[in-house]
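Q: In full-length UniProt numbering, the protein residues as written are 1 to 753.
Cβ atoms here follow ideal geometry from the backbone N, Cα and C, with glycine treated the same way.
This structure is a prediction, so every number in the text was calculated from the model and none was measured.
One structure coming up, written as structure tokens, with questions to follow.
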Amino acid sequence: MWFSFWRSRDRFTLDHLRYLTDQLAKVQIVNEVNKDFVIEALRSIAELITYGDQHDPSFFEFFMEKQVVAEFVRVLKLSRTVSIPLQLLQTVSIMIQNLRSEHAIYYMFSNEHMNYLITYSFDFRNEELLSYYISFLRAISGKLNKNTISLLVKTRNDEVVSFPLYVEAIRFAFHEENMIRTAVRTVTLNVYHVGDECVNRYITSAPHTEYFSNLVSFFRNQCMDLNRLVSETLKNPGPDSTSAIVAAVDEIEDNLYYFSDVISAGIPDVGRLITDSILMLLIFPMLLPSLRIVDTNDMQSGVVTSLYLLCCILRIVKIKDLANTIVAALFYPLETFTRFSRGKVNGYISDRGLTSVSQEPDDDNIAKCNAECLTVNVPQSSSSSGLDTESIMSEDNCSSSNLALREVLLAYVTKGDDVQVLGSLSVLATLLQTKELDESMLDRLGILPQRKQHKKQLLQALVGEASGEEQLFSSENSLMRDGSGCEPGVYLEKIKEQYGLSFLSSDFLMSPRVPRFQVLDALVSLFCRSNISAETLWDGGWLLRQLLPYSEAEFNIHHLELLQVSYKNSATALVKEVRGFWPDLLITVLCNEWRKCKRAMESSYPPKEPKCILFPSQMLSSEEDIPEGSSFAAGEKMHEVVKVFVVLHQLQIFTLGRYLPEKPLIYPPGDLPANSRAQTSGLDVSGPKPGTEVSLVSAVPCRIAFERGKERHFCFLAISAGTSGWLVLAEELPLKKPYGVVRVAAPLAGCNN
């Protein structure tokens with residue numbers, strides 16, 4: 001019978017389609033003998049239906065009349081080989097993807113044939129079959145709209161009681177194969193963005209809500225895997241470990257962007273479900289407890305990973321309640337979340353932060369943690385704006401657990417290592433740029449930009465909340481005097497009611513100017529540190545410029561003195577480089593870095609992305625760091641010294657309220673140094689010319705033979721005049737030492753000749 005299938009005939013005709021369906025209807029068993037015919041028939045039917053949908057409607061009319069989809073299902077039931085299900089899934093997928101007629105799509109989705117295929121018991125041990133099945137689900141989801149989705153659900157009393165496409169898809173949401181996980185996410189997003197209210201209620205009802213908490217649990221495991229990679233890389237750095245971290249970071253950010261896409265669908269309660277899961281499974285029990293203060297000699301992989309993850313979550317997942325709750329949690333003492341991490345979170349035993357090993361607590365401890373709210377009495381802090389960072393960062397300091405997490409972040413800035421500083425600055429910069437945060441939250445953190453403060457006070461004065469003079473010129477914002485009525489107080493109350501966490505502290509009622517001065521103190525302290533890389537200082541400079549965009553208005557005398565001392569130290573280090581390996585490139589590098597730093601300081605975004613904290617770079621800041629004889633390492637050190645000098649110099653100009661020039665003033669008026677080498681050589685500023693007599697003091701002697709046996713005594717001499725410079729080859733004058741005659745002169749690299 002099926003051998004006649006191979007007879008030559010015109011393919012794209014209705015007769016050929018009729019022939020194929022007739023032959024397929026005669027198949028009563030599918031085995032090794034006829035499977036090739038069945039496969040080719042299925043493939044050809046898909047090709048003909050796709051062609052007919054675009055050229056001849058009679059093709060699909062015949063397809064419906066003969067109920068060919070039912071024949072597909074019948075053949076699937078007869079099949080005993082894996083090749084038939086493979087071809088059938090591919091055939092139906094191709095047809096659905098390429099059909100343009102809504103009428104055709106309605107027919108394909110009706111009569112429960114698609115639901116039968118979706119729920120059919122395929123042997124998914126075959127990876128290729130699973131791949132085709134997921135592609136089939138994705139093809140169906142791509143044609144969903146408010147009209148077609150009703151054909152794929154079962155309802156009772158106007159409520160959806162069954163939705164096989166969604167239920168079967170999320171079964172594979174956490175498959176080990178990344179391509180399958182990605183396809184499942186596409187299916188779910190296509191379902192969410194339809195916007196059908198009945199389907200949305202089904203999705204957000206039990207037990208389907210477990211999918212969202214399972215998503216966060218899966219994401220949590222990925223975060224723990226990242227932390228292990230970071231820890232191993234800090235111990236044994238190498239290209240393989242770095243590439244593994246890059247891949248893990250990409251996976252984590254993809255997951256967060258998926259959360260964001262799900263939220264953007266606007267399904268009621270989904271944002272709340274994701275927010276609660278992220279807070280209860282990740283933020284409270286893991287990330288915040290990891291921001292502990294220990295000796296900076298420790299590798300701190302948990303701290304680094306936690307700071308990065310906080311930045312990512314705030315930057316990508318755009319949920320107002322989530323962002324404001326995280327910020328409100330920063331006012332809690334570290335001890336609150338340390339205790340929280342020891343209990344069960346929705347039945348899951350926490351790992352007590354990212355770096356510790358999961359241990360099963362005894363029942364008494366669990367009952368004690370969960371029976372009542374965790375309440376911590378925080379002592380009244382000093383009214384001083386400064387932080388006692390020496391005691392904060394000391395090892396085994398028991399009182400550090402009473403520090404608010406906001407103060408822990410500032411402690412990292414003032415006393416942490418380079419990675420901790422960069423991580424803390426990244427969190428503060430991310431918070432500053434998070435549009436979902438209320439300005440009152442930023443004000444309480446001390447990072448509300450000055451221009452926004454002025455704008456807010458002006459608006460309050462204009463609407464008559466208080467006298468304009470009081471609003472604009474008072475030392476405190478009157479709106480924030482009552483801590484119970486502000487946004488931070490609202491979110492603190494919400495944390496207490498929803499998550500069972502509370503603390504009692506009068507610190508929260510202090511003037512909002514105090515945390516602002518604490519942030520300013522920490523940043524000024526940062527610029528006085530010599531063990532911090534230039535790139536990290538640039539991030540600190542960017543944050544300072546965002547907070548104080550105009551001048552030195554909020555700097556006190558102590559701040560200005562500290563910045564001046566730090567600037568002078570950097571200038572001294574720069575002068576030392578004049579006698580280093582690369583003095584000829586110093587001015588060129590200085591000009592280039594000046595432009596880069598100015599552009600970075602004035603940018604809307606911080607110089608480095610948060611992920612950079614996972615890839616710390618080695619800093620060459622002293623002579624001991626330079627391998628003996630390594631000009632490359634010396635060049636790296638010179639580059640670092642220049643970048644430090646540039647950022648501190650630009651901050652000096654900023655604190656004086658002056659305009660930042662496009663180029664550095666290499667020789668400002670009144671400070672022009674003597675052209676010592678040119679003067680001591682007896683040259684004028686026009687430069688050396690052949691035949692000119694010069695002094696050979698400090699010249700490098702050499703002997704050159706232009707003829708065999710006739711050596712002549714010459715000297716190499718580097719001469720500078722202003723921003724011009726030359727390398728001179730001069731011949732000694734035997735009767736007039738130490739003078740010579742210029743024979744050849746060439747321009748020095750990096751000079752403006």
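Please report how far the alpha carbon of Ala-328 lies from the alpha carbon of Ala-248, in whole angstroms.
A: Their Cα atoms are separated by approximately 29 Å.
Q: Taking the alpha carbon of Gly-152 as the point to measure from, which residue in Asp-158, Gly-142 and Leu-165 has its own alpha carbon closest?
A: Looking at the sequence itself, residue 152 is Leu, so the reference to Gly does not match. Nearest option by C-alpha distance: Leu-165.
Q: Can you say whether Thr-305 is buried or exposed, counting buried as having 16 or more other CB atoms within 10 angstroms of its CB?
A: Its Cβ being crowded by 16 or more others within 10 Å, Thr-305 is buried.
Q: By the three-class DSSP mapping on this structure, what secondary structure does Val-746 have?
A: Inspection of the sequence shows that residue 746 is occupied by Ala rather than by Val. Looking at Ala-746 - three-state DSSP - the assignment turns out to be strand.
Q: Taking 8 Å as the line, does the beta carbon of Ala-745 fall inside it for any heavy atom of the ligand ADP?
A: In the structure shown, the ligand ADP is absent, as is every other ligand, since no ligand is present at all.
Q: Could you check the C-alpha separation between Ala-736 and Ser-720 for me, to the nearest Å?
A: Residue identity check: residue 736 is Lys in the sequence provided, not Ala. Near 23 Å, if we compare the C-alpha coordinates of Ser-720 and Lys-736.
Q: Whose C-beta lies closer than 6 Å to the C-beta of Ala-573 among residues of the same chain, with five residues either side of it excluded?
A: If we look at Ala-573 and ignore the five residues flanking it on each side, its Cβ neighbours are Val-641.
Q: Whole angstroms are fine: how far does the CA of Tyr-258 sit from the CA of Val-317?
A: Each residue's Cα considered, the two are about 9 Å apart.
Q: Sorted by chain position, which residues of the same chain lie with C-beta nearer than 7 Å to Val-421's C-beta, five sequence neighbours on each side aside?
A: Counting only Cβ-Cβ distances below 7 Å, and skipping sequence neighbours, we find Tyr-412, Val-413, Leu-526, Ile-532 and Thr-536.
Q: Consult DSSP for Pro-57 and reduce its assignment to one of helix, strand or coil.
A: Reduced to three states, the DSSP call for Pro-57 is helix.
Q: With a threshold of 16 other CB atoms inside 10 Å of the CB of Asp-36, please say whether the residue is buried or exposed.
A: Label assigned to Asp-36: exposed.
Q: Grab me the residues of Leu-273's own chain with a C-beta within less than 8 Å of its C-beta, minus the 5 sequence neighbours each way, in chain order.
A: The answer, listed in chain order, is Thr-204, Thr-209, Phe-212 and Ser-213.
Q: By DSSP's criteria, Tyr-713 is part of a beta bridge. Which residues make up the other side?
A: In the sequence under discussion, the amino acid at residue 713 is His, which differs from the Tyr named in the question. Its beta-bridge partners are Arg-703.
Q: Could you pull the DSSP bridge partners for Leu-729 from this structure?
A: Answer is Phe-716 and Val-744, bridged to Leu-729.
Q: Given 8 Å as the limit, is there contact between the region 52 to 65 and the region 108 to 123, that is, 3 or more CB pairs closer than that?
A: Contact fails: fewer than three Cβ-Cβ distances are below 8 Å.
Q: Pick from Gly-687, Val-644, Leu-648 and Ile-134: whose alpha carbon is nearest that of Leu-562?
A: Taking only the C-alpha atoms, the option nearest Leu-562 is Leu-648.
Q: At the level of alpha carbons, what is the spacing between Val-92 and Ser-83?
A: Taking the straight line joining both Cα atoms gives about 14 Å.
Q: Roughly how many whole angstroms lie between the Cα atoms of Leu-431 and Leu-425?
A: In a straight line, the C-alpha of Leu-431 is about 10 Å away from that of Leu-425.
Q: Can you tell me whether DSSP reads Arg-352 as helix, strand or coil?
A: Bear in mind that a pLDDT of 44 at Arg-352, under 50, signals an unreliable position, so the number given afterwards is only what the model happens to contain. Arg-352 falls in the coil class under three-state DSSP.
Q: In whole angstroms, give me the CA-to-CA distance for Met-280 and Met-95.
A: Going from the Cα of Met-280 to the Cα of Met-95 covers about 44 Å.
Q: Starting from Thr-148, follow the alpha helix (DSSP H) in both directions and report where the run begins and ends.
A: Run containing Thr-148: none; DSSP gives neither H nor E here.
Q: Find out if the Cβ-Cβ distance for the pair Leu-89, Ser-141 is shorter than 9 Å.
A: Not closer than 9 Å, so no.
Q: Which whole runs of the beta strand (DSSP E) in the UniProt domain "FPL" (42 to 192) are 3 residues long or more, in chain order?
A: Qualifying beta strand (DSSP E) stretches, in chain order: 154 to 156 and 159 to 162.
Q: So, are the CB atoms of Phe-72 and Leu-42 less than 9 Å apart?
A: Yes, Cβ-Cβ distance for Phe-72 and Leu-42 is below 9 Å.
Q: Would you call Cys-597 buried or exposed, if buried means 16 or more other Cβ atoms sit within 10 Å of its Cβ?
A: Classification of Cys-597: buried, given that the 10 Å Cβ count is 16 or more.
Q: Beta-carbon within less than 8 Å of Asn-145's beta-carbon, same chain only, minus the 5 sequence neighbours each way: which residues are those?
A: Taken in chain order, the residues that qualify are Val-194.
Q: Quick one: give me the first and last residue of the beta strand (DSSP E) that Ser-695 is part of.
A: Residues 693 to 695.
Q: So with Cβ pairs under 9 Å, would you call Lys-235 a contact of chain D?
A: No chain D appears in this structure, which consists of one protein chain only.
Q: Any chance you could list the alpha helix (DSSP H) runs of at least 4 consecutive residues sitting entirely within the region 225 to 294, in chain order?
A: Entirely contained in the region 225 to 294, the alpha helix (DSSP H) runs reaching 4 residues are, in chain order, 239 to 264 and 270 to 278.
Q: If we call anything under 9 Å between Cβ atoms a contact, is Ile-105 one with Thr-148?
A: Their beta carbons are under 9 Å apart, which means Ile-105 touches Thr-148 by this criterion.
Q: Output the boundary residues of the alpha helix (DSSP H) element that contains Arg-599.
A: Taken as a continuous stretch (DSSP letters only), the alpha helix (DSSP H) holding Arg-599 covers 586 to 601.
Q: Taking three-plus beta-carbon pairs below 8 Å as touching, is the region 724 to 736 in contact with the region 689 to 700?
A: Flag = yes, the region 724 to 736 and the region 689 to 700 touch.
Q: Could you tell me whether the region 536 to 547 touches the region 590 to 605, using the rule of 3 or more Cβ pairs below 8 Å?
A: Because the criterion of three Cβ pairs below 8 Å is met, the region 536 to 547 and the region 590 to 605 touch.
Q: Determine the DSSP secondary structure at Ala-404, reduced to helix, strand or coil.
A: Three-state result, Ala-404: strand.
Q: Does Gly-238 pass the burial test, meaning 16 or more other C-beta atoms within 10 Å, or should it be called exposed?
A: So Gly-238 ends up on the exposed side.
Q: For Phe-337, does the count of other Cβ atoms within 10 angstroms reach 16, so buried, or fall short, so exposed?
A: Buried, because 16 or more other Cβ atoms sit within 10 Å of the Cβ of Phe-337.
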